[in-house]
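All remarks here apply to the structure that follows.
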Ligand SMILES: Nc1ncnc2c1ncn2[C@@H]1O[C@H](COP(=O)(O)OP(=O)(O)OP(=O)(O)O)[C@@H](O)[C@H]1O
Ligand SMILES: Nc1ncnc2c1ncn2[C@@H]1O[C@H](COP(=O)(O)OP(=O)(O)OP(=O)(O)O)[C@@H](O)[C@H]1O
Ligand SMILES: [Mg+2]
Ligand SMILES: [Mg+2]
């Protein structure tokens, strides 16, 4: 499904250069459940943004289902982002003037579904993350963990074949985290590919494979044997 | 230091009413180290915002050092917020067009310190959280955990007598979290009062007292015996 080859990402900040990813090679098959760990600043979100087609590498290639992502035009990229990939951002990225329900149904708007179907599916998605009674709240009328769950519901609503979750439980208590992980486990059991960035070992334990980054390089890549 | 008496907070959202805090009574002495835990949406941030004089209760009273906060005028409140209280927000609340160093020195600007002192202290504060080499980056040029650490450095720079930290390690790996906790422990050892909202038991274990919220009410309030 995913093939990264010698990926480098270099940011320029004034006269500084930050080498955020240094030669990352990665192969991820369809249906894998992968945890990505590493210190703050080690390049995890940068990697996720490239995988999610939200950013481009400085050098190196990214093949998604065999097709070179850099060859795709804007329409094809947008199509992939909306239909194939679900992204839970580390900083949520909700629309501040829209309600929770409006935020969650956004991917369905892009998919051209009609209003009745969108409302029904948005309501189900919010109920699945325990926010059925918060549908009409705007982000600033929600707690931190509730905003995080709206971001999760939005990422899941299109049943994406690839889910990229960047620290989806960072603001959640353990009970709520477990509910979210059950959803991710279920997604994986139905054949979807799940990548989750996390700082917590017991969350990483749900995945089948662990990739660890350090200073922009992959220093560990092991598959659970059991 | 802190005395909350029968605090209620009710938000109105359209026709709905959310009873976020339901009759909270709390006494916190100077120099205490308190962890606040509870499920997502249980009222922790609402409680912190009231303690930090960023929001007012719907009913009930808040005495800070014996003075009724509702009696203070805007200038007095602003003075307390800038000089006495350090606040690490759950969503960081950094100025997007300012650099990390400019964000960190903001409390010193309000305190009227001159530019030379502000730059020196901002640099030291950033080095203390491991971001000495990120001073000129803006928030969107920082990782999630780096933004969180800028927010922490900004809250600490005035050596506040009361530090309110709302989930300060939610985006940090365990090594970086420990560094931050050592800073908070050190602050406490020097006599400051520290309140930290956290979802993680081993972070709460650093504190001397644990307050647990459930649906806006205090359901547990125990002091460690040792
Ligand atoms: N401005 C607001 N308007 C309406 N409701 C609000 C507002 N802010 C918070 N709420 C609601 O009040 C309740 C408590 O919110 P609060 O942010 O204090 O929770 P929390 O314990 O900090 O949760 P988390 O662990 O998810 O950060 C939530 O159910 C939330 O939906
Ligand atoms: N737009 C940018 N411009 C400049 N530097 C950047 C930019 N985005 C990220 N960086 C830098 O690249 C490095 C990697 O950032 P990244 O966000 O991938 O880290 P991360 O592993 O997700 O960290 P965290 O666990 O704190 O979220 C960091 O050192 C950061 O300062
Ligand atoms: Mg990140
Ligand atoms: Mg909160």
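Residue numbers (this note's numbering), protein chains in the order written: chain A, 1 to 226; chain B, 227 to 452.
Heads up, the beta-carbon is just placed ideally off N, CA and C, and yes, glycines get one too.
- [ ] Using the Cα positions of residue 381 of chain B and residue 323 of chain B, report the straight-line distance between them to the nearest angstrom.
- [x] Stepping through the second chain from its first residue, residue 381 of chain B is reached at position 155. Stepping through the second chain from its first residue, residue 323 of chain B is reached at position 97. Distance between the alpha carbons of residue 381 of chain B and residue 323 of chain B is about 19 angstroms.
- [ ] For residue 362 of chain B, return the contacting residues in chain A, with the cut-off set at a CB-CB distance below 8 angstroms.
- [x] Taking the first residue of the second chain as position 1, residue 362 of chain B is located at position 136. 13, 14, 16, listed in chain order.
- [ ] Could you tell me if the beta carbon of residue 268 of chain B falls within a distance shorter than 7 angstroms of some heavy atom in ligand 1?
- [x] The residue given as residue 268 of chain B occupies position 42 in the second chain. Taking 7 angstroms as the cut-off, the C-beta of residue 268 of chain B counts as close to a heavy atom of ligand 1.
Open item on the list: Tell me the DSSP secondary structure of residue 249 of chain B in three-state form.
Closed with: One-based indexing of the second chain puts residue 249 of chain B at position 23. Here residue 249 of chain B sits in strand by DSSP.
Task: Three-state class that DSSP yields for residue 392 of chain B in the structure shown - done: In the second chain, the residue the question calls residue 392 of chain B occupies position 166. It is a strand residue.
Open item on the list: Would residue 122 of chain A pass as an interface residue toward chain B - the criterion being a Cβ-Cβ separation below 8 angstroms?
Closed with: Indexing the first chain from 1 puts residue 122 of chain A at position 122. Judged by the 8 angstroms Cβ criterion, residue 122 of chain A is not in contact with chain B.
- [ ] Mind reading off the beta-carbon distance from residue 135 of chain A to residue 100 of chain A? Whole number of angstroms is fine, and I expect it under 8 angstroms.
- [x] Taking the first chain and counting its residues from 1, the one referred to as residue 135 of chain A is at position 135. Taking the first chain and counting its residues from 1, the one referred to as residue 100 of chain A is at position 100. About 5 angstroms separates the two Cβ atoms, so the contact holds.
Open item on the list: Given the structure, does residue 399 of chain B come close to ligand 3, in the sense that its CB is under 7 angstroms from one of the ligand's heavy atoms?
Closed with: What you label residue 399 of chain B is simply residue 173 of the second chain in a count that begins at 1. No, since every heavy atom of ligand 3 falls outside the 7 angstroms radius drawn around the Cβ of residue 399 of chain B.
- [ ] Report the rounded CA-to-CA distance for residue 107 of chain A versus residue 210 of chain A, giving the unit in angstroms.
- [x] Counting from 1 along the first chain, the entry for residue 107 of chain A is found at position 107. Counting from 1 along the first chain, the entry for residue 210 of chain A is found at position 210. About 29 angstroms.
Open item on the list: Can you list, in chain order, the residues of its chain with a C-beta nearer than 8 angstroms to that of residue 92 of chain A? Leave out the 5 residues immediately preceding and following it.
Closed with: To locate residue 92 of chain A, count along the first chain from 1; it is residue 92. Excluding residues up to 5 positions away in sequence, 139, 147, 148, 150, 151 lie with their Cβ nearer than 8 angstroms to the Cβ of residue 92 of chain A in the same chain.
Open item on the list: So, does the segment 157-170 of chain A touch the segment 271-288 of chain B, judging by three or more C-beta pairs under 8 angstroms?
Closed with: Output reads no: the segment 271-288 of chain B does not touch the segment 157-170 of chain A.
Task: Among A:84, A:43, A:119, A:61, the one whose alpha carbon lies nearest that of residue 11 of chain A - done: Against the first chain, residue 11 of chain A aligns to sequence position 11. Distances from the CA of residue 11 of chain A to each of A:84, A:43, A:119, A:61 were compared; the closest alpha carbon is that of A:43.
Open item on the list: So, under 8 angstroms CB-CB, residue 173 of chain A and residue 425 of chain B are touching, yes? Tell me the CB distance rounded to an integer number of Å.
Closed with: The sequence position of residue 173 of chain A within the first chain is 173, counting from 1. The sequence position of residue 425 of chain B within the second chain is 199, counting from 1. Contact check for residue 173 of chain A and residue 425 of chain B: beta-carbon distance about 5 angstroms, within the 8 angstroms limit, so the pair qualifies.
- [ ] Identify which residue in A:212, A:29, A:137 has its Cα closest to the Cα of residue 65 of chain A.
- [x] Start at 1 with the first residue of the first chain, and residue 65 of chain A comes out as number 65. The residue with the shortest Cα to Cα distance from residue 65 of chain A is A:29.
Task: Length at least 3, wholly inside the segment 238-317 of chain B: the beta strand (DSSP E) runs in chain order - done: Segments of the beta strand (DSSP E) lying fully in the segment 238-317 of chain B: 242-254, 259-264, 285-290, 311-314.
Task: residue 214 of chain A: first and last residue of the uninterrupted beta strand (DSSP E) it sits in - done: As a first step, residue 214 of chain A is located in the first chain; it is residue number 214 there, counting from the start. Boundaries of the beta strand (DSSP E) harbouring residue 214 of chain A: 209-214, taken from the DSSP string.
Task: Close-in-space but distant-in-sequence residues of the same chain around residue 49 of chain A (CB under 8 angstroms, 5 per side omitted) - done: As a position in the first chain, residue 49 of chain A is number 49, starting the count at 1. Only 55 meet the Cβ criterion.
- [ ] With residue 410 of chain B as the anchor, note down where its alpha helix (DSSP H) starts and where it stops.
- [x] On the second chain, residue 410 of chain B is found 184 positions in, with the first residue counted as 1. Looking at the DSSP string, the run of the alpha helix (DSSP H) that includes residue 410 of chain B is 400-415.
Open item on the list: At a cut-off of 7 angstroms, would you count residue 90 of chain A as near ligand 2, judging by its Cβ distance to the nearest heavy atom?
Closed with: Here residue 90 of chain A corresponds to residue number 90 of the first chain, with the count starting at 1. The answer is yes for residue 90 of chain A.
TODO: Check the Cβ-Cβ distances between residue 141 of chain A and every residue of chain B, and say whether any is below 8 angstroms.
DONE: Counting from one through the first chain, the residue named residue 141 of chain A turns up at place 141. Put simply, the CB of residue 141 of chain A is near chain B, with a gap under 8 angstroms to one of its CB atoms.
TODO: Please classify residue 224 of chain A: is it buried, with 16 or more other beta-carbons within 10 angstroms of its beta-carbon, or exposed?
DONE: As a first step, residue 224 of chain A is located in the first chain; it is residue number 224 there, counting from the start. Residue environment analysis places residue 224 of chain A among the exposed positions, since fewer than 16 neighbouring C-beta atoms fall within 10 angstroms of its C-beta.
Task: Which of helix, strand or coil DSSP assigns to residue 100 of chain A - done: Walking along the first chain from the start, residue 100 of chain A turns up at place 100. Taken through DSSP and simplified to helix, strand or coil, residue 100 of chain A comes out as helix.
Task: chain B contact for residue 167 of chain A (CB, 8 angstroms cutoff) - done: Your numbering for residue 167 of chain A matches position 167 in the first chain. It does: the Cβ of residue 167 of chain A has a partner Cβ on chain B nearer than 8 angstroms.
- [ ] Could you tell me the boundaries of the beta strand (DSSP E) in which residue 444 of chain B lies?
- [x] For the purposes of this step, residue 444 of chain B is taken as the residue at position 218 of the second chain. Element bounds for residue 444 of chain B: 443-449.
TODO: Would you check if there are 3 or more beta carbon pairs closer than 8 angstroms linking the segment 406-423 of chain B to the segment 244-264 of chain B?
DONE: Contact holds: three or more Cβ-Cβ distances are below 8 angstroms.
- [ ] For residue 335 of chain B, count neighbouring Cβ atoms within 10 angstroms of its own Cβ and tell me buried if that reaches 16, exposed if not.
- [x] The sequence position of residue 335 of chain B within the second chain is 109, counting from 1. Exposed, because fewer than 16 other Cβ atoms sit within 10 Å of the Cβ of residue 335 of chain B.
Task: Proximal chain B residues relative to residue 66 of chain A, where beta-carbon distance stays under 7 angstroms - done: By 1-based counting over the first chain, the position of residue 66 of chain A is 66. The CB of residue 66 of chain A never comes closer than 7 angstroms to any CB in chain B; the least such distance is about 31 angstroms.
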